[in-house]
Each structure stands twice: as structure tokens, then as C-alpha cells.
Amino acid sequence: SPAEFTGEIISPPGMAEVAQRGGHIPGAKNVPWSAIVAEDGTFKSVEEMRRIYEPLGITPDKDVVVYCRIGERSSHTWFALKYLLGYPHVRNYDGSWTEWGNLIGAPIVKGAEE
Numbered sequence: 001s002p003a004e005f006t007g008e009i010i011s012p013p014g015m016a017e018v019a020q021r022g023g024h025i026p027g028a029k030n031v032p033w034s035a036i037v038a039e040d041g042t043f044k045s046v047e048e049m050r051r052i053y054e055p056l057g058i059t060p061d062k063d064v065v066v067y068c069r070i071g072e073r074s075s076h077t078w079f080a081l082k083y084l085l086g087y088p089h090v091r092n093y094d095g096s097w098t099e100w101g102n103l104i105g106a107p108i109v110k111g112a113e114e
């Protein structure tokens, strides 16, 4: 979520898995999984999804690593990038923020900047 990305919150309320620090991994882009879901709950068209990702520099020629809090929401994004958009180099960081935010010395960015 945008609030998790900026470090306003460490995790959504009521979630058991938390990190010691809030923010995001340097260079990360904030694209919530729901951004590529149509009103009827299906995926948006390939063209619509490209219009969301490509202006942010998320393109098929790059290595892309997706993450969220525990790797659950990001698995939705991984599937869309890998199988619907055909990105050849996309991975889901299953440790996600719960792991990264607890790593001693791992770089973290707070706020909306990259």
C-alpha cells in the first residue's frame, strides 16, 4: 500500500507479521496489486497494464523483483508480469518487507521518493 511504501505504517492493522522499520527498498516503485484489477475483479487488459508499468520504467528488458509485506500480494503482480505481460526476468521476493525491514544494515528509503 502507499502508506507501507512511504513508511507511514509498518503493516496493515491486525497483521501478525511486522518489520522493525518502515519504508521501502531503494529503487522500488509503488504499484499496488489492485492497480491492475478491473472493477469486475478480473485483470485489466495487457495494454492497460503496460500503461501502468512502463512509464515507471518497469519493462520486459529489465530484471524485476516484486515484493509486498510477506510475498502474498506481490505474487499477484509476479503472475501478471510473468504470464500475462510475458516479462522474462521477474521474481517474487518471498521474504518481502517482513524480512528486509528486519535486516540489520539493509538500506531503507522513507517517503515517496525512490
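Using the UniProt record's numbering, read the sequence shown as starting at 1 and increasing by one per residue.
Don't be surprised by glycine CBs; every beta carbon is placed ideally from N, CA and C.
Note that the coordinates shown come from a computational prediction; the quantities given were computed from them, not determined experimentally.
Taking 7 Å as the cut-off, is the beta-carbon of residue i closer than that to any non-hydrogen atom of the ligand NAP?
{"i": "Val46", "result": "With respect to the ligand NAP, the structure shown offers nothing to examine, as it has no ligands at all."}
Going by Cα to Cα distance, which pick from the options is closest to residue i?
{"i": "Ser74", "options": "Ile104, Gly14, Ala35 and Gln20", "result": "Ala35"}
{"i": "Leu60", "options": "Cys68, Ile52, His76 and Gly86", "result": "Note on identity: in this sequence residue 60 is Pro, with Leu being the wrong assignment. With distances taken between Cα atoms, Pro60 lies closest to Gly86."}
{"i": "Glu17", "options": "Glu54, Trp100 and Ser45", "result": "Trp100"}
Report, in whole angstroms, the separation of the C-beta atoms of residue i and residue j, which I expect to be a contact under 8 Å.
{"i": "Lys29", "j": "Ile58", "result": "6 Å"}
Just to confirm my understanding: we take residue i, look at its own chain, exclude 5 residues before and 5 after, and list those with CB closer than 6 Å. What are they?
{"i": "Gly7", "result": "Gly22, Gly23 and Lys110"}
{"i": "Asn102", "result": "Ala19 and Gln20"}
{"i": "His89", "result": "Asp63"}
{"i": "Thr77", "result": "Trp33 and Val66"}
{"i": "Arg91", "result": "Val65"}
{"i": "Ser96", "result": "Tyr67, Cys68, Arg69, Ile70 and Gly71"}
When you compare only the Cα positions, how much space is there between residue i and residue j?
{"i": "Tyr93", "j": "Gly41", "result": "24 Å"}
{"i": "Ile52", "j": "Glu39", "result": "16 Å"}
{"i": "Ala80", "j": "Gly105", "result": "32 Å"}
{"i": "Pro2", "j": "Tyr83", "result": "25 Å"}
{"i": "Pro26", "j": "Glu72", "result": "21 Å"}
{"i": "Ser11", "j": "Cys68", "result": "10 Å"}
{"i": "Pro107", "j": "Ile70", "result": "18 Å"}
{"i": "Pro13", "j": "Glu47", "result": "34 Å"}
{"i": "Glu113", "j": "Glu54", "result": "18 Å"}
Which residues in the same chain have their Cβ closer than 8 Å to the Cβ of residue i, if we skip the five residues on either side of it in sequence?
{"i": "Leu56", "result": "Lys29 and Val31"}
{"i": "Phe43", "result": "Ile36, Val37, Met49, Ala80 and Leu84"}
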